[in-house]
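So the sequence shown is numbered by my numbering: it starts at 954 and just counts up by one.
The beta-carbon is built from N, C-alpha and C at its ideal position, and this holds for glycine as well.
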Amino acid sequence: MKIQRHSTKHYKPLRGATRSCCSRWVGCASIMARFLLVGLGLFVLFETERDALDRVVEQANEEMQLETNGNTRDNALATRHIEKTFSACLILQNEHENQYLTEWLAYHWHVLPLRRLIVWKDPLSETSPESILSRWHEKMDITVWDRPQQIYPVRHPDRKKQHFYDDYQQDQDLHDKLHARNQRQKVFLGMCLRTLKREGLSWTILSHTDEYALINPRVRNTTDPLHDRASIIHTGTRIVEDDDMESHDSTSNKNDDKNNSTNDIIPLTIPSQNESGSVLKWLQRTQPYASIAARTSPHNVLLKQPCIPLTSKQFGTYERKDANSLKNDLNNNRSSAFASFWNSSSSSTMQRQDFLTLRWQYWGHELHEQNKPKVRTHLLDLSRIPVSFLHWKVDSHRPIPRYDICPIQVIHERDNMFVVHHYAGTTERLKYGDTKTKKNPDELDDITATTQLIREERLHQDTIHNTFWEGNTVPQWLDGFVESVGPQEAKRLLEGVGHLQ
């Protein structure tokens, strides 16, 4: 019997099919492997970028310790309570900002209270802040960055642009100088926030030396509702929430009223400027009730956000001419510590005109909340903001470009718990600022004259607001600061206030 070997004929095509199938699988596997390698490469590149940023931050901090005070991290500041202090990112872009640095440090050390500070000294600034900052090393943790290499991550694209590093020559175009300066400031703010975030800090403010944050004087000086149909806030009394009060009808018994009274009447004492850390204390007292307040007014939603805008009031170029009133401002209702400080021989060279917060008390109608409400800066709670939301370039007017973090809306001064007083200063200072910011300096005189005329015309009687001063007396912050540190220490810290150093 003849046996046919069909198996050989059948196996041949099967082997071919197997090879074809295997080749397909090998090809697919190869493609998948390539995608995996590309993905792995991108991941490694991203991690390298993050590592590079961390190294830059660590290197900058190490350089600061070597250049300023090597024992900064080892002193009592290392044990500071983060939840009880403020941090700040401060920009020094010209000589006049350095001129007011002394007052800015003392004010915010007392009012916020500021205990951690990162300073950017721009290459365009010709004066060094070191002589002023060195006085504060025992009271404040300070980092100074003055080279672009300290603020740009290693792989940042702008590091390739040499003009960001140059110490600009006189023959360079002014417009290019200012553009580069503005870009550096945005990058500094981004690096500063990321650094403070990695240090585990919480409430932070972005500022210049002519900006002073405080509790809205409307909260302190008026019995009108701060927010329409929301809550009534009086100095030293209480908040009564309308919605909660309406929930108590005639059918509620007395025991229920007693048990629920804490939900209806919330005692909130507004700290005075004389009290150390008044801004942070008011933040901490209002935050637990922010959700309740948010149900009554859309403006109150801002209270529970980790990004609280500060409405600006611009002061300056107009002051009282009554010499007797000016003298009384410095003599009435002062503490013994302040009297010892102000009348001592060491302080005899200090004048009221040396302090921005003492000299300028009128703010212009052109920036009234009914006309041009403007947000200059924000209070940021970095503990509630993911580091991924902190971009490389940060705009101080909107540091977090997310609506759920920093909402975009017009915020009137009357609706804000906190404000920032922006001091324009003298006409000479305005003129200097215009020189630095106008592309065509030939237009300077006309611009300054027009601006000055408009401000003075609008400062008529019904738009003059005596908001910062209380009863024509020295702002309470200075009295409180002197009492906190003592007359002798106050003299040392405020030496040369209001003058270029």
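Cα-Cα separation between residue i and residue j, rounded to whole angstroms
i, j, result
"Ile-1223", "Ile-1071", "29 angstroms"
"Val-1064", "Trp-1313", "19 angstroms"
"Asp-1432", "Arg-1151", "35 angstroms"
"Asn-1047", "His-1375", "16 angstroms"
"Val-1328", "Cys-1359", "11 angstroms"
"Lys-1389", "Ser-1289", "In this prediction, Lys-1389 scores a pLDDT of 47, lower than 50, which makes its location untrustworthy; the coordinate-derived value is nonetheless stated afterwards. Straight-line Cα distance between these residues: approximately 43 angstroms."
"Arg-1137", "Ser-1040", "20 angstroms"
"Glu-1083", "Pro-1076", "14 angstroms"
"Arg-1445", "Ser-1087", "11 angstroms"
"Ser-1297", "Arg-1351", "44 angstroms"
"Trp-1295", "Trp-1089", "21 angstroms"
"Phe-1141", "Ser-1081", "18 angstroms"
"Gly-1153", "Trp-1345", "19 angstroms"
"Ser-1437", "Thr-1239", "25 angstroms"
"Ile-1044", "Arg-1100", "13 angstroms"
"Thr-1038", "Lys-1257", "19 angstroms"
Exposure label - residue i; buried when at least 16 CB within 10 Å
i, result
"Phe-1434", "buried"
"Met-985", "exposed"
"Gly-1143", "buried"
"Arg-1147", "buried"
"Pro-1354", "exposed"
"Gln-1102", "exposed"
"Pro-1241", "exposed"
"Glu-1079", "exposed"
"Pro-1339", "exposed"
"Glu-1164", "buried"
"Thr-1302", "exposed"
"Asn-1369", "buried"
"Arg-1287", "buried"
"Leu-1179", "Only weak support is given to the placement of Leu-1179: the predicted model assigns it a pLDDT of 38, under 50, and the value that follows is read from those uncertain coordinates. When all chains shown are included, Leu-1179 counts as buried."
7 angstroms Cβ shell around residue i - same chain, five flanking residues per side excluded
i, result
"Ser-1293", "Pro-1440"
"Gly-1449", "Thr-1055"
"Phe-1342", "Ile-1353, Arg-1355, Ile-1358"
"Glu-1442", "none"
"Leu-1332", "Trp-1156, Ile-1158, Ile-1261, Leu-1263, Phe-1371"
"Asn-1135", "none"
8 angstroms Cβ cutoff met for residue i and residue j
i, j, result
"Asp-1348", "Lys-1130", "no"
"Cys-1042", "Thr-1157", "yes"
"Leu-1236", "Thr-1330", "no"
"Leu-1311", "Pro-1066", "no"
"Met-1149", "Arg-1068", "Residue 1149 is actually Leu in this sequence, not Met. Taking 8 angstroms as the Cβ cut-off, Leu-1149 and Arg-1068 do not qualify as a contacting pair."
"Phe-1371", "Ala-1166", "yes"
"Ile-1168", "Ser-1265", "no"
"Gln-1304", "Trp-1430", "no"
Contacting residues, own chain, Cβ-Cβ under 8 angstroms from residue i (five flanking each side not counted)
i, result
"Arg-1337", "Pro-1259"
Candidates the options, of which the one nearest residue i by Cα
i, options, result
"Leu-1453", "Glu-1050, Pro-1352, Ala-1443", "Glu-1050"
"Pro-1428", "Phe-1308, Ser-1078, Leu-1446, Asp-1075", "Phe-1308"
"Trp-1469", "Leu-1067, Trp-1073, Gln-1136, His-1061", "Missing from the structure shown is residue 1469; the chain here goes from 954 to 1454 and no further."
"His-1061", "Glu-1079, Arg-1287, Ser-1229", "Ser-1229"
"Thr-1162", "Trp-1089, Lys-1092, Tyr-1053, Thr-1239", "Tyr-1053"
"Phe-1291", "Ser-1160, Leu-1447, Lys-1257", "Leu-1447"
"Met-1093", "Gly-1153, Phe-1141, Leu-1058", "Leu-1058"
"Val-1373", "Arg-1100, Leu-1045, Glu-1091, Leu-1159", "Leu-1159"
"Gly-1451", "Ile-1104, Asn-1135, Ile-1044, Ile-1085", "Ile-1085"
"Ile-1104", "Ile-1095, Asn-1135, Cys-1145", "Cys-1145"
Cβ shell of residue i (< 6 angstroms), same chain only, five flanking positions each side left out
i, result
"Asp-1334", "Ser-1155, Trp-1156, Pro-1259"
"Gln-1306", "Arg-1312"
"Thr-1001", "Bear in mind that the predicted position of Thr-1001 carries a pLDDT of just 47, short of 50, making it too unreliable to give a figure here."
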